[in-house]
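Trainee: Following this message is one structure expressed as structure tokens.
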Amino acid sequence: MYFTEEHEMFRQTVRSFVERQINPYVDQWEEEGIFPAHDLFKKMGDLGFLGLNYPEEYGGANADYWYTVVFAEELSRANCGGVPMGIVVHTDMCTPALAQFGSHELKRKFLLPACRGEIVGAIGVSEPDAGSDVASIRTRAEKDGDDYIITGTKLYITNGTQADFICLLVRTSDDLGYRGMFLIITPPTLEGFSVGRKLRKLGNYSSDTGELVFDHVRVPQWYRIGAEGKGFQLQMQQFQKERLIGSIMAHSSCERTVRDTVAYTKQRMAFGKPLISNQWIQFKLAELLTEIEALKQLNYHCARMLMEGLDFTKEASMAKLKAGRLTREVNDTCLQFYGGMGYMEETPISRRYRDGRLLSIGAGADEIMLGIIAKYEGFLG
Ligand SMILES: Cc1cc2nc3c(=O)[nH]c(=O)nc-3n(C[C@H](O)[C@H](O)[C@H](O)COP(=O)(O)OP(=O)(O)OC[C@H]3O[C@@H](n4cnc5c(N)ncnc54)[C@H](O)[C@@H]3O)c2cc1C
Numbered sequence: 303m304y305f306t307e308e309h310e311m312f313r314q315t316v317r318s319f320v321e322r323q324i325n326p327y328v329d330q331w332e333e334e335g336i337f338p339a340h341d342l343f344k345k346m347g348d349l350g351f352l353g354l355n356y357p358e359e360y361g362g363a364n365a366d367y368w369y370t371v372v373f374a375e376e377l378s379r380a381n382c383g384g385v386p387m388g389i390v391v392h393t394d395m396c397t398p399a400l401a402q403f404g405s406h407e408l409k410r411k412f413l414l415p416a417c418r419g420e421i422v423g424a425i426g427v428s429e430p431d432a433g434s435d436v437a438s439i440r441t442r443a444e445k446d447g448d449d450y451i452i453t454g455t456k457l458y459i460t461n462g463t464q465a466d467f468i469c470l471l472v473r474t475s476d477d478l479g480y481r482g483m484f485l486i487i488t489p490p491t492l493e494g495f496s497v498g499r500k501l502r503k504l505g506n507y508s509s510d511t512g513e514l515v516f517d518h519v520r521v522p523q524w525y526r527i528g529a530e531g532k533g534f535q536l537q538m539q540q541f542q543k544e545r546l547i548g549s550i551m552a553h554s555s556c557e558r559t560v561r562d563t564v565a566y567t568k569q570r571m572a573f574g575k576p577l578i579s580n581q582w583i584q585f586k587l588a589e590l591l592t593e594i595e596a597l598k599q600l601n602y603h604c605a606r607m608l609m610e611g612l613d614f615t616k617e618a619s620m621a622k623l624k625a626g627r628l629t630r631e632v633n634d635t636c637l638q639f640y641g642g643m644g645y646m647e648e649t650p651i652s653r654r655y656r657d658g659r660l661l662s663i664g665a666g667a668d669e670i671m672l673g674i675i676a677k678y679e680g681f682l683g
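My numbering numbers the first residue of the sequence shown as 303 and each following residue consecutively.
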């Protein structure tokens with residue numbers, strides 16, 4: 303209904319890539335606390351996976367958004383959350399503003415090699431004192447000749463220890479608030495940049511997460527995306543694609559988790575019969591599938607709005623809210639039905655349980671989504 307034969311062929315290509323190039327290595331990468339983004343992205347770039355919706359001039363495929371939906375659905379068949387997260391940070395979180403508002407020269411310099419998988423990207427918004435409250439970021443940019451001198455610290459940055467460019471949100475004055483901000487591409491090779499720490503986490507082990515320190519880093523002014531003072535708005539726009547792709551991956555991953563649990567409870571015997579013969583278990587799983595289908599349809603609705611060029615901020619916030627909550631419910635319920643086996647590291651549900659917890663926090667916490675929905679509904683007049 304939504305997908306053509308070409309979309310389905312693309313689905314098979316991505317599925318086979320995940321099965322051959324990601325899943326056999328996931329346990330090793332989880333153990334090592336990082337996946338080899340440069341190596342993996344080059345392979346993905348060669349297959350045209352990394353710039354699906356971007357113009358061909360900048361290495362993209364100029365494809366419709368249904369290809370991104372397929373890509374996200376299939377990526378979530380990876381046996382971990384960390385690797386898909388690192389990939390979509392690159393494709394849908396740190397590049398949308400660059401692609402839409404970057405200058406031609408900036409796109410040739412960073413978007414083109416990013417789409418080819420020659421460089422790895424990261425998005426640097428959150429800071430030690432500002433996560434949910436993006437308008438309170440403190441990282442400063444001061445003009446000096448043709449450059450900006452950037453000073454500050456970014457926290458929890460995915461791909462942060464191996465990125466070749468960071469789409470960084472900075473501000474031009476000490477006055478907090480959403481004015482005076484801009485996005486600027488900052489390569490970590492510049493003097494004054496350092497990775498403060500590689501952070502240890504509850505889950506998503508294969509994704510590296512860094513604290514990044516900028517100590518008077520000199521960045522050319524032409525690396526800025528869009529106008530000075532527009533950074534907050536551009537980042538809010540960029541967040542919509544980030545939230546939608548996270549939400550799409552969630553419906554796909556939740557569906558797989560429930561179907562795996564159906565298979566397990568069909569063969570696991572207790573009290574002389576398969577677990578699934580308990581009506582409680584059947585009903586619980588049936589209800590979860592119903593909720594997952596509702597989330598999927600909301601995601602597809604957002605995809606249609608995006609393709610029509612409509613503002614889908616409210617709908618993306620609803621989808622992201624539901625995706626975070628449903629992921630927690632699905633993982634918790636299904637782990638329960640696996641019993642002790644669900645608590646074992648060797649059972650995929652245990653990793654999904656800890657990896658999935660992030661969705662209600664990252665890319666804007668549930669409460670931030672509720673605030674956006676309330677604002678769009680005009681609750682405060
Ligand atoms: C593994 C991981 C990867 C990440 N990757 C990136 C990345 O690549 N780039 C990046 O920039 N950031 C990244 N983040 C940061 C993430 O986006 C922030 O953690 C998130 O936005 C929440 O900000 P905070 O942690 O500062 O929480 P805080 O802002 O301190 O909020 C804490 C909690 O308070 C509640 N809360 C906050 N505000 C309100 C409110 N107005 N009303 C009611 N309740 C509220 C929420 O429950 C929230 O979870 C990542 C985080 C993690 C954990």
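Note that beta-carbon positions come from the ideal geometry of N, C-alpha and C, so glycine has one too.
(1) Report yes if the C-beta of glycine 433 is less than 7 Å from at least one heavy atom of ligand 1; otherwise report no.
(2) Entirely within the segment 608–674 and at least 3 residues each: give me those beta strand (DSSP E) ranges in chain order.
(3) What does the alpha-carbon distance come out to for the pair valine 436 and phenylalanine 467?
(4) Tell me, please, whether the CB atom of serine 554 is closer than 8 Å to any CB atom in chain C?
(5) Do you know whose CA, among Leu408, Leu660, Met620, lies nearest leucine 546's CA?
(6) Assuming valine 521 and threonine 488 form a contact by the criterion Cβ under 8 Å, report the distance between their Cβ atoms to the nearest whole angstrom.
(7) Opposite cysteine 469 in the DSSP bridges: which residues?
(8) Pick from Trp368, Trp331, Ala432, Arg442: whose alpha carbon is nearest that of lysine 598?
(9) So, using beta-carbon positions, are tyrosine 458 and threonine 511 closer together than 8 Å?
(10) Taking the continuous alpha helix (DSSP H) assigned at lysine 345, which residues delimit it?
(11) Quick test of the definition: if touching needs 3 or more C-beta pairs under 8 Å, does the segment 472–486 touch the segment 427–442?
(12) Should serine 619 be listed as close to ligand 1, given that the test is whether its C-beta is under 7 Å from any heavy atom?
(13) May I ask whether a heavy atom of ligand 1 can be found less than 7 Å away from the beta carbon of lysine 532?
(14) Can you tell which of Phe639, Phe681, Lys445 has its C-alpha closest to the C-alpha of glutamine 569?
(15) Considering only residues of the same chain and omitting the five flanking positions on each side of lysine 622, which have a CB-CB separation below 6 Å?
(16) Assign glutamate 359 to one of two classes, buried (16 or more other C-beta atoms within 10 Å of its C-beta) or exposed (fewer than that).
(17) Is the segment 449–456 touching the segment 419–432, taking contact as three or more C-beta pairs under 8 Å?
(18) What span of residues does the alpha helix (DSSP H) with histidine 309 cover, start to end?
(19) Leaving aside the five residues before and after alanine 605 along the sequence, list all residues of the same chain whose C-beta is less than 6 Å from its C-beta, in chain order.
(20) Can you tell which of Lys624, Ile663, Leu660, Gln402 has the C-alpha that lies nearest to the C-alpha of leucine 590?
(21) Leaving out the 5 sequence neighbours to the left and right, which residues in its chain are closer than 6 Å to isoleucine 674 when beta-carbon positions are compared?
(22) Ligand 1 and lysine 503: does any heavy atom of the ligand fall closer than 7 Å to the residue's C-beta?
(23) Look at the alpha carbon of threonine 563 and the alpha carbon of proline 576, and state the distance between them as a whole number of angstroms.
(24) Is it buried or exposed for leucine 705, if we count other Cβ within 10 angstroms and need 16 for buried?
(25) Let's see if you can read the secondary structure: which residues bound the alpha helix (DSSP H) around proline 522?
(26) When the Cα atoms are used, what is the spatial distance from alanine 588 to asparagine 633?
(27) Could you check the C-alpha separation between threonine 460 and alanine 374 for me, to the nearest Å?
(28) Nearest to methionine 607 by CA position, among Lys543, Ile578, Glu333, Thr559, is which residue?
(29) Does glycine 498 come out as helix, strand or coil in the three-state DSSP assignment?
(30) What do you get for methionine 609, buried or exposed, if any count of 16 or more other CB atoms within 10 angstroms of its CB means buried?
(31) Strictly by DSSP, which residues pair up with arginine 526?
(32) Tell me whether the beta-carbon of isoleucine 389 lies closer than 8 Å to the beta-carbon of leucine 377.
Mentor: According to the structure data:
(1) Because some heavy atom of ligand 1 lies under 7 Å away, the Cβ of glycine 433 counts as near it: yes.
(2) Under the rule that a run must span 3 or more residues, no beta strand (DSSP E) segment is found entirely inside the segment 608–674.
(3) So the two alpha carbons sit approximately 21 Å from each other.
(4) Annotation note: the requested chain C is absent from the structure, which comprises a single protein chain.
(5) Comparing alpha-carbon positions, the option among Leu408, Leu660, Met620 lying closest to leucine 546 turns out to be Met620.
(6) Contact holds; Cβ gap of about 5 Å.
(7) Per DSSP, Ile425, Ile487.
(8) Comparing Cα-Cα distances from lysine 598 to each of Trp368, Trp331, Ala432, Arg442, the minimum goes to Trp368.
(9) Yes. Within cutoff.
(10) From DSSP, the alpha helix (DSSP H) with lysine 345 extends over 339–348.
(11) Between the segment 472–486 and the segment 427–442 there are three or more inter-stretch CB-CB distances shorter than 8 Å, so the stretches are counted as touching.
(12) False, no ligand heavy atom lies under 7 Å from that Cβ.
(13) No, since every heavy atom of ligand 1 falls outside the 7 Å radius drawn around the Cβ of lysine 532.
(14) The shortest C-alpha separation from glutamine 569 is found at Phe639.
(15) If we look at lysine 622 and ignore the five residues flanking it on each side, its Cβ neighbours are Arg545, Ser549, Met671.
(16) Around the beta carbon of glutamate 359, fewer than 16 other beta carbons sit within 10 angstroms, so the residue counts as exposed.
(17) With a cut-off of 8 Å on Cβ pairs, the segment 449–456 is in contact with the segment 419–432, counting three or more such pairs.
(18) From DSSP, the alpha helix (DSSP H) with histidine 309 extends over 307–319.
(19) Taken in chain order, the residues that qualify are Tyr367, Val371.
(20) Considering only alpha carbons, the answer is Lys624.
(21) Excluding five sequence positions before and after isoleucine 674, the CB atoms of its chain that fall closer than 6 Å to its own CB belong to Ser619, given in chain order.
(22) Yes, the Cβ of lysine 503 comes within 7 Å of a heavy atom of ligand 1.
(23) Linking threonine 563 to proline 576 through their CA atoms gives a straight-line distance of about 12 Å.
(24) Residue 705 lies beyond the stretch modelled for the chain, which goes from 303 to 683, so this question has no answer here.
(25) Careful: proline 522 lies outside any alpha helix (DSSP H), inside the beta strand (DSSP E) at 511–522.
(26) Their Cα atoms are separated by approximately 14 Å.
(27) Between threonine 460 and alanine 374, the C-alpha separation is close to 17 Å.
(28) When only C-alpha atoms are compared, the closest one is Lys543.
(29) It is a strand residue.
(30) Its Cβ having fewer than 16 others within 10 Å, methionine 609 is exposed.
(31) Ile486.
(32) Yes, these two residues count as a Cβ contact at 8 Å.
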